[in-house]
Each structure stands twice: as C-alpha cells, then as structure tokens.
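All remarks here apply to the structure that follows.
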Amino acid sequence: MKTFQSTFQVMNSGRGMTELTDKIVALVAKAGVATGLCNVFLHHTSASIVICENSDPDVQYDLETFMQRLAIDGDSRYKHIAEGADDMSAHIRTVLTQNSISIPVTETKLALGTWQGIYLWEHRVRPYERKVTITIQG
Amino acid sequence: MKTFQSTFQVMNSGRGMTELTDKIVALVAKAGVATGLCNVFLHHTSASIVICENSDPDVQYDLETFMQRLAIDGDSRYKHIAEGADDMSAHIRTVLTQNSISIPVTETKLALGTWQGIYLWEHRVRPYERKVTITIQG
Amino acid sequence: MKTFQSTFQVMNSGRGMTELTDKIVALVAKAGVATGLCNVFLHHTSASIVICENSDPDVQYDLETFMQRLAIDGDSRYKHIAEGADDMSAHIRTVLTQNSISIPVTETKLALGTWQGIYLWEHRVRPYERKVTITIQG
C-alpha cells in the first residue's frame, strides 16, 4: 500500500458550484493505486465539497435556491456579521454539508456512480481561490 | 497494511431506512484487518448513508417527518422536476446528509457506538436497487 | 504505511462546542506519519464532529441559534420523546452534520486550513462524556 497526495488551488466565480471531477479522475490515474480510497478535502469553512447530480444544471440551481432560503443571508439574529451578509450563512451552509469526502478507487479508477460528480460549492458571494487536498491510499 | 473492498446491491422498499450494519460487520470479519478504517460509500445522489440511533424505530420515523418538512416534495420553486415531485427533494436530502462514512476498525471489529447503526436512507418514494462499496484498510 | 489508532473520552458541559484540535494535533505528532489521513470518529448519535471557524466565538453562537430554530426541541410532531425535549432534536442535528471526518496529514502535520478547528458539538442540554476514536494512516 502507498499514499499519494496532491494539493491544488481552485479559483471560482463566487457563490455556486465548480466541478472538480475531471481533475480528481486525472490524479487517481497518476497515483497508480489499484484498489483503495480517494479523499477530497477543502481547507475552508465557507465552502463545501459535495457529490451532486452531474447531468441537469437545474439541480445545482435548486440546491442553491434551497440553501438561500434555509441559511438566510444577513439574518438579523446573527452576531457574526463583520464580513458581510453572506459570511455567517456561508459557515452554516458548510456545516450542513461537508468539506471532506472519501470515494472508492476500484481497478485504478475513481468509482463514482453514473450520476455523481464532485463539486466545490462556494458559499460566499464574491469569487475566492480555494485550496483542495487529494489523498489517495491503496 | 492491506485494502479489502467489496461491492453489493441493496434492494429497498422505497423512502425510508434499510439497516446495513450486519452486512458490514460480516465484511469486516472477512477482511481480517486488526486496526484501521471501514468506509461505506453509496454510488447515488438520491439516497444517503447515515449513522442513526439503532434502538427505537420512532427515531427513523421522526427523521423522515423532519426531512419531508425541510425538503418539500414538489415545491413550486424547483426547476428540476422531470422525474417527479420526490426527485429534487431527494437530491436536497442527500446533500444535507452523506453518502460516504468512515468507521474505525478496532481489534478486528467495526467500532460502532452502542446506539449506532448504519443505514441506507432511500429518499425516492418508489423502491430502488442501490449500489454500496465497502473499503476496509488497515 | 502504518495505522495508528487512539481512543479517548471528552467530558463536555452540555449543548455547545468543545474544541479537540490541540488533542488531535498532538496525536498526529505522536503517530509519526509523514503523509496520509487522520480520521476523527464520534461513537454517538446525539453529538457531532464538525470543522468550524476557529477565530470568532460568535460563529459557534450563531450555529447553535440556527440549529435550535431548525431542529425544534420538544416539537409536538416527534414520537421519540421518552428522554426529553432535546433528545429527538439532538438526533436530527447529528444526521444534518457528521460524526466522522477525515483530514489530510502533510509533512507530519494535520493539514487544517488557517480558520479550521475541529469541535465536538454536544446536542443534548446536560453534560455528557463522549467517546472519540482517532485513526491515522499513512
């Protein structure tokens, strides 16, 4: 068994999802692990790593609408408001989703389901550069 | 260290939880790993893997009621509606929970807490066959 | 590659977060793994492991307020009520967050982001002693 690890930055265009699947598939190919796990970790508390349906962009649109209703921007009950109306809501959205997901590697390939893609979900309104670490073991 | 991996299908009876604990405990016994981790991965975006209280079935009932109120079926604001009223709500329920969970293996056994069970939570109304991969490393 | 595993108990003071970061950083130092993953697992269904912003205590305050509004204590629709008004809400809060998180280990150190801390989030009102297992592989 061996461990392969790689860190990269992702520049996004603000609130919404950026697909990482191709990048991670390529790292799994490079790692040369036959059977194991690939962990995707995001080093931030205002954005998430999610496995989302990868076929209809309306799913991302509806998830975004849902989250905006659930974790209200600029809610008057928030105390953590120094960085703007989307700051505390971004932390809530992150805690309700995930920033670390492990996916099987099977026969040297990332074993995602047919409709699964891996996305960085930025929760802040303005664009951010985010750091992701991929760890493959097997 | 070694990696043991096994994939199986679970037929469920539609929306609700199916316990996987015994199946996973048996795979851990078969793997023969003394100390490590057991990852449970679900290859779908409309069902979840959850660790739920394993003693009182009312907990599952209340979780289901809660989710039906939170992620409304057939919400008029959804754009992703082609597959029916329970399609987009199922994606939301999946993103709010998990489809990959790692559990310690200690002294060759799955080290769940006394009240923890592992469940596949189907979010679609009709029955589905779902694919699960177990990866044990240690 | 090797596996290092350690289990400890955390006594908390009831509903709210207890930081575990220093304890886990110390275990990573002890494990002597150069590159790999560190999994944090909580053996309970009424408390969570979360990665939370580590700088402003108001973030924890607002997360707690948010969860109290989302998963209402003593909701009249709950059937699982034998253990009190905060019992079913605690199970809901756990399923909406996580009790297993894997974090990269890079150059022998836990590779958390600058603003990330690891917390045990107790969801029950009274104090509890909770069991945590750390598994480090690399």
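Chains as they are written, first to last, in the numbering used here: chain A, 83 to 220; chain B, 83 to 220; chain C, 83 to 220. Just so you know, even glycine gets a beta-carbon here, dropped at the ideal spot from N, CA and C.
Cutoff 7 Å; reference residue i; Cβ partners in own chain excluding five residues on either side
i, result
"Val110 of chain B", "Cys120, Val187, Lys191, Leu192 and Ile218"
"Ile154 of chain C", "Ser171"
"Thr127 of chain C", "His173 and Thr176"
Boundaries of the alpha helix (DSSP H) in which residue i is found, first to last residue
i, result
"Lys213 of chain A", "That residue, Lys213 of chain A, is in no alpha helix (DSSP H); its beta strand (DSSP E) goes Glu211 to Gln219."
"Ile185 of chain C", "Segment Ser182 to Thr188 is the beta strand (DSSP E) holding Ile185 of chain C; no alpha helix (DSSP H) there."
"Ser171 of chain B", "Asp169 to Leu178"
"Met93 of chain A", "Looking at the DSSP string, Met93 of chain A is not in any alpha helix (DSSP H); the run it does join, the beta strand (DSSP E), is Thr85 to Met93."
"Glu165 of chain B", "Premise fails: Glu165 of chain B is in no alpha helix (DSSP H) and is neither H nor E."
"Leu194 of chain A", "Leu194 of chain A -> no alpha helix (DSSP H), and no H or E assigned at all."
"Asp157 of chain C", "No alpha helix (DSSP H) contains Asp157 of chain C, which DSSP labels as neither H nor E."
Proximal residues to residue i (C-beta, below 6 Å), its chain only, five neighbours per side dropped
i, result
"Met93 of chain B", "Glu211"
"Val107 of chain A", "Leu192"
"Ala113 of chain B", "Phe86 and Ile218"
"Glu101 of chain B", "Gly199 and Tyr201"
"Met99 of chain B", "Gln142, Tyr201 and Trp203"
"Ser88 of chain A", "Leu109 and Ile216"
Proximity test, Cβ basis, 8 Å: residue i and chain C
i, result
"Phe90 of chain B", "no"
"Asn136 of chain A", "no"
"Val214 of chain B", "no"
"His162 of chain A", "yes"
"Gly195 of chain B", "yes"
"Ile106 of chain A", "no"
"Gln198 of chain B", "yes"
Buried/exposed call for residue i, threshold 16 Cβ in 10 Å
i, result
"Glu135 of chain C", "buried"
"Phe90 of chain C", "exposed"
"Ala129 of chain C", "buried"
"Ser95 of chain C", "exposed"
"Ser38 of chain C", "No answer is possible for residue 38 of chain C: the residues shown for chain C start at 83 and end at 220."
"Gly220 of chain A", "buried"
"Asp168 of chain A", "buried"
"Asp104 of chain C", "exposed"
"Gly156 of chain C", "exposed"
"Gly118 of chain C", "buried"
"Arg175 of chain C", "buried"
C-beta neighbour in chain B for residue i, strict 8 Å
i, result
"Lys159 of chain C", "Rather than Lys, the amino acid found at residue 159 of chain C in this sequence is Arg. At least one chain B Cβ lies under 8 Å of Arg159 of chain C."
"Asn94 of chain C", "no"
"Cys120 of chain A", "no"
"Ile133 of chain A", "yes"
"Gly114 of chain A", "no"
"Thr147 of chain A", "yes"
"His173 of chain C", "yes"
"Val110 of chain C", "no"
Where the beta strand (DSSP E) through residue i begins and ends
i, result
"Ala129 of chain C", "Ala129 to Glu135"
"Leu202 of chain B", "Gln198 to Glu204"
"Val43 of chain A", "Since the first residue shown for chain A is 83 and the last is 220, residue 43 of chain A is missing from the structure and cannot be characterised."
"Met99 of chain C", "Gly98 to Glu101"
8 Å Cβ cutoff, residue i in contact with chain A
i, result
"Thr100 of chain B", "no"
"Ser184 of chain C", "yes"
"His125 of chain B", "yes"
"Phe86 of chain C", "no"
"Gln142 of chain B", "no"
"Thr188 of chain B", "no"
"Thr117 of chain B", "no"
"Thr103 of chain B", "no"
"Gly220 of chain C", "yes"
"Leu24 of chain B", "Beyond the ends of chain B as shown, which are 83 and 220, falls residue 24 of chain B; an answer cannot be given."
"Leu178 of chain B", "yes"
Residues near residue i in its chain [Cβ-Cβ closer than 8 Å; skip 5 each side]
i, result
"Ser137 of chain C", "Trp197"
"Arg97 of chain B", "Glu146, Asp168, Glu204, His205, Arg206 and Val207"
"Gln180 of chain A", "Ser130, Ile131 and Val132"
"Val141 of chain C", "Cys134 and Glu135"
"Ser182 of chain A", "Asn121, Val122, Phe123, Leu124 and Ile131"
"Val115 of chain C", "Lys84, Phe86, Val187, Thr190, Ile218, Gln219 and Gly220"
"Pro209 of chain A", "Met93, Asn94, Ser95 and Gly96"
"Leu194 of chain B", "Thr103, Ile133, Ile185 and Ile200"
Contacts that residue i makes with chain F (C-beta to C-beta distance below 9 Å)
i, result
"Met83 of chain B", "Of the protein chains in this structure, namely A, B and C, none is chain F."
Practice task
Flag this pair as touching only if the region 197-205 of chain B and the region 196-211 of chain C have three or more C-beta atom pairs under 8 Å; answer yes or no.
Solution key: no
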